[in-house]
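Everything below concerns the one structure shown next.
Residue numbers (the numbering used here): 32 to 111.
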């Protein structure tokens, strides 16, 4: 897990310094706003029109990267 390095206010919540943040990937991977049919495995969820891998901020196969934008997205998803 990652942890908060300073007291952080997020959407009206105080997250104290040192709090561990655990990413629940299923909240992102099963999000219908990110995938048309999230309950079904469809390779086209991850491919563009040329059948090449399509990078999506919602696709995090193994863990969350140290990317502020991605962390913000995950936090907002978890707190909704």
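For every residue, glycine included, the Cβ atom is placed at its ideal position computed from N, Cα and C.
In the structure shown, residue 66 adopts coil according to DSSP, grouped into three states.
In this structure, residue 39 places its C-beta atom within 7 Å of the C-beta atom of residue 46. Residue 66 counts as buried, since at least 16 other C-beta atoms from the protein chains shown sit within 10 angstroms of its C-beta.
The bridge partners DSSP lists for residue 41 are 44.
In this chain, the alpha helix (DSSP H) harbouring residue 56 covers 56-60.
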